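Read the structure below first, then the notes.
In the numbering used here, the protein residues as written are 1 to 279.
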């Protein structure tokens, strides 16, 4: 087999594998969305069939509007996710700039310490975190979730952004210093625009766990006024009876922000994931 034909076969095989993985990953989303627009009987009768004129129903969306303060849940999730993401990107980028730009005693140890945060799940410290939040009076407060998620996302942010910032030419930054730019100006006007693919990558990988998390909202902010969208969906799940129409409708609405974020940053995300793969 010639080399061009061999490369062609490998390309086809890679696309088949990736296509299969994509179908497997999207299948649960497809099932959730199509069943959110069906009656309860149709969900159990034909769960894999899209809604028809007879089975189409908006009862799930009507239920979450009537029985749960879903708009408040959505706003809480958006607030926690947005503020946490902003803090993660800002502080992570600043720490990455310091670690990549300046050489000082303990630089390597600090980088190693930050990397350990990726390996150790933050949920192992749930009891200590709860005690800390109780003593600080932050239980049933969105600030508690923001602090926890910021601490959770910083290690990955620092790790990824540090590697990208080390690839930025030192001559560019030195030219900025010669022109009289301060370190803050160099950071915000020269460095950050060049690491946008990495920032988009960090944003997507950080936003999804925060938006989908149920553990910390259940422990730190279970009150009605601080419920997030994932915790709010539990309102419709009972011990004996579950309102599947409402649950699926809530999950469908919860998927929308993640899809929007991916569509907005998809190009930057792909560039960030493939950076360095091609010289």
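For each residue, glycine too, the CB sits at the ideal point set by N, CA and C. Source: prediction; values computed, not measured.
- Residues 157, 160 of the same chain have their beta carbon placed closer than 6 Å to that of residue 202, with the five preceding and five following residues left out of the count.
- The continuous alpha helix (DSSP H) containing residue 155 extends over residues 142-165.
- About 7 Å separates the Cβ atoms of residue 162 and residue 111, confirming a contact at the 8 Å cut-off.
- Taking a C-beta distance under 8 Å as the contact criterion, residue 80 and residue 206 do not qualify as a contact pair.
- DSSP places residue 56 in the strand class (E or B) of the three-state scheme.
- Per the DSSP secondary-structure output, residue 237 pairs in a beta bridge with 242.
- The criterion of a C-beta distance shorter than 8 Å is not satisfied by residue 148 and residue 48.
- Looking at the backbone, the Cα of residue 46 and that of residue 82 are separated by about 38 Å.
- In terms of CA proximity to residue 225, 69 leads the group 27, 69, 25.
- Counting only the Cα atoms, residue 54 lies some 18 Å from residue 249.
- Within the region 91-119, complete beta strand (DSSP E) segments of at least 3 residues are not found at all.
- Taking 8 Å as the cut-off, the beta carbon of residue 186 is found closer than this to the beta carbon of residue 177.
- The DSSP-derived three-state label of residue 227 is coil.
- The residue among 134, 209, 172 with its C-alpha nearest the C-alpha of residue 191 is 172.
- Under the three-pair Cβ rule at 8 Å, the region 209-218 counts as touching the region 136-150.
- In the DSSP secondary-structure assignment, residue 38 is bridged to 56.
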